[in-house]
Amino acid sequence: AQKVTQAQTEISVVEKEDVTLDCVYETRDTTYYLFWYKQPPSGELVFLIRRNSFDEQNEISGRYSWNFQKSTSSFNFTITASQVVDSAVYFCALRNSGAGSYQLTFGKGTKLSVIP
Amino acid sequence: KAGVTQTPRYLIKTRGQQVTLSCSPISGHRSVSWYQQTPGQGLQFLFEYFSETQRNKGNFPGRFSGRQFSNSRSEMNVSTLELGDSALYLCASSRTGQGSYEQYFGPGTRLTVT
Chain A
1 AQKVTQAQTE ISVVEKEDVT LDCVYETRDT TYYLFWYKQP PSGELVFLIR RNSFDEQNEI
61 SGRYSWNFQK STSSFNFTIT ASQVVDSAVY FCALRNSGAG SYQLTFGKGT KLSVIP
Chain B
117 KAGVTQTPRY LIKTRGQQVT LSCSPISGHR SVSWYQQTPG QGLQFLFEYF SETQRNKGNF
177 PGRFSGRQFS NSRSEMNVST LELGDSALYL CASSRTGQGS YEQYFGPGTR LTVT
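Line order of the protein sequences matches chains A and B.
Reminder that position 47 of the first sequence reads as 47 in this note's numbering, one-by-one numbering, no gaps.
Reminder that position 51 of the second sequence reads as 167 in this note's numbering, one-by-one numbering, no gaps.
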């Protein structure tokens, strides 16, 4: 069975501060995929990034960066110089490679509030 | 390219009724998945369809069913609605083939059962 834990339920930061959202996952598979999604108040889940289990290279995309560490089963997400538009609920998700299914297991989400 | 579309966006039903939700995937995407989102349980997987076949199903009662058509459009049906079925129902589509592809989500259908 797989599981995704986002221990931070809510985070508030002042605009321009950096913030890191934590994600810890559990899976027995050796090949798996990790994702981050953003859900603004409108409700639509917006895809941010996918990372494969065999690729531990960290990534930076603009103000976003991701730190994937298999040794600690963590896939953390950092927003640098946060902006009010970053306010949303962020979900970490896991997909195993077996059975050809695209089923995602989501964490409970972290609600980020960026205060101007 | 148009995104995933879901209709209707909002729905109010009475307990005991049934409801059908529709999802049109991104053009070229053949996998369609459905998720239920509630404040208490979060995002939970309902089922996934690929080439008109249900490929996987989550832990939901048989009142929840779905299907996929030859053009990859999908519908999900909930019969004998209960108050606890009130939720945001999200549809997602994905490319298929070698490797893994991310799922793209629609805006959701917010179902309220009274």
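Heads up, the beta-carbon is just placed ideally off N, CA and C, and yes, glycines get one too.
Fair warning: this is a prediction, and the values are worked out from it, not measured in the lab.
The Cβ atoms of Phe106 (chain A) and Leu159 (chain B) sit closer than 7 Å to each other. Your pair Gln134 (chain B) and Ser202 (chain B) does not check out as a contact, with CB atoms roughly 15 Å apart and the cut at 8 Å. C-alpha of Arg179 (chain B) to C-alpha of Leu197 (chain B): approximately 8 Å in a straight line.
Legend: CB atoms of the stretch 147–169 of chain B lying less than 7 Å from CB atoms of chain A belong to residues Ser147, Ser149, Gly158, Leu159, Phe161, Glu164.
Interface with chain B (7 Å Cβ-Cβ cutoff): Gln8 (chain A) is excluded. The DSSP-derived three-state label of Gly200 (chain B) is helix.
It is roughly 44 Å from the alpha-carbon of Ser12 (chain A) to the alpha-carbon of Ser167 (chain B). The C-beta distance from Gln153 (chain B) to Ser138 (chain B) rounds to 18 Å, too long to fall under 8 Å, and the pair is not in contact.
Residues of chain A whose Cβ lies closer than 7 Å to the Cβ of Phe185 (chain B) do not exist, since the nearest Cβ in that chain is about 18 Å away. Under the Cβ distance rule, Pro124 (chain B) does not count among the residues neighbouring chain A, no pair being separated by less than 7 Å.
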